[in-house]
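K.L.:
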Amino acid sequence: MKWLQKNSYIVVLFVAFFVMGAILLITDNGDITYEQIEIQHGDTLWTLAEQYRGKMTKQEWIQKVKNENNLIGENIVAGHDLTILVNEDSVYMAKIENEDDLHSVEVAMKNK
Numbered sequence: 002m003k004w005l006q007k008n009s010y011i012v013v014l015f016v017a018f019f020v021m022g023a024i025l026l027i028t029d030n031g032d033i034t035y036e037q038i039e040i041q042h043g044d045t046l047w048t049l050a051e052q053y054r055g056k057m058t059k060q061e062w063i064q065k066v067k068n069e070n071n072l073i074g075e076n077i078v079a080g081h082d083l084t085i086l087v088n089e090d091s092v093y094m095a096k097i098e099n100e101d102d103l104h105s106v107e108v109a110m111k112n113k
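Residue numbers (this note's numbering): 2 to 113.
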């Protein structure tokens, strides 16, 4: 017991690590992966957020994408690449690049 009183900083460090670990577990938004996409004409961070954000709010998703791509504002340019967050419960929508490829489109969602 005297050792514990003399070395109270060890207890403080242990409690701090425990609290940080608990916060990380509580605030986990699920499995998030990153994907590189090419920005298409008409894309905005808001429309991309609607497609890829999963359960995150649009503002939270946009802020994380801005941080990941070192963007100052919300302007993105068609033809440039953008690293986006794709949450495990995101809905993937197919994009047709060429009308000759218009046959059938399969949309998939991850079942829980």
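Quick reminder that beta carbons are idealized off the backbone N, C-alpha and C, glycines included.
This structure is a prediction, so every number in the text was calculated from the model and none was measured.
1) Quick one: is VAL13 buried, meaning 16 or more other Cβ sit within 10 Å of its Cβ, or exposed?
2) Under three-state DSSP, which class holds GLN6?
3) Going by alpha carbons, who is nearest to ASN71 out of THR84, LYS59 and LYS56?
4) Is the segment 5 to 24 in contact with the segment 56 to 69, if contact means three or more CB pairs nearer than 8 Å?
5) Starting from the C-beta of ALA50, find all residues in its chain whose C-beta is less than 7 Å away, skip the five residues before and the five after it, and write them out in chain order.
6) Compute the Euclidean distance between the alpha carbons of THR34 and GLN6, then round it to the nearest angstrom.
7) How should TYR10 be labelled, buried or exposed, when 16 other C-beta atoms within 10 angstroms of its C-beta is the threshold for buried?
8) Looking at the structure shown, is GLU61 part of a helix, part of a strand, or coil, going by DSSP?
9) Determine the closest residue to GLU36 out of GLY74, VAL66 and ASN76, with distance taken between C-alpha atoms.
10) Could you tell me whether the Cβ atoms of ILE38 and ILE77 are closer together than 7 Å?
P.N.:
Quick look at the numbers:
1) Looking at its Cβ environment, which holds fewer than 16 other Cβ atoms inside 10 Å, VAL13 is exposed.
2) Secondary structure at GLN6: helix, using DSSP grouped into helix, strand and coil.
3) The shortest C-alpha separation from ASN71 is found at THR84.
4) Under the 8 Å Cβ criterion, the segment 5 to 24 does not count as touching the segment 56 to 69, having fewer than three qualifying pairs.
5) Around ALA50: LYS59, TRP62 and ILE63.
6) Whole-angstrom Cα-Cα distance: 45 Å.
7) Exposed, because fewer than 16 other Cβ atoms sit within 10 Å of the Cβ of TYR10.
8) Assignment of GLU61 by DSSP, reduced to helix, strand and coil, places it in the helix class.
9) For the options GLY74, VAL66 and ASN76, the alpha carbon positioned closest to that of GLU36 is the one of VAL66.
10) No, Cβ-Cβ distance for ILE38 and ILE77 is not below 7 Å.
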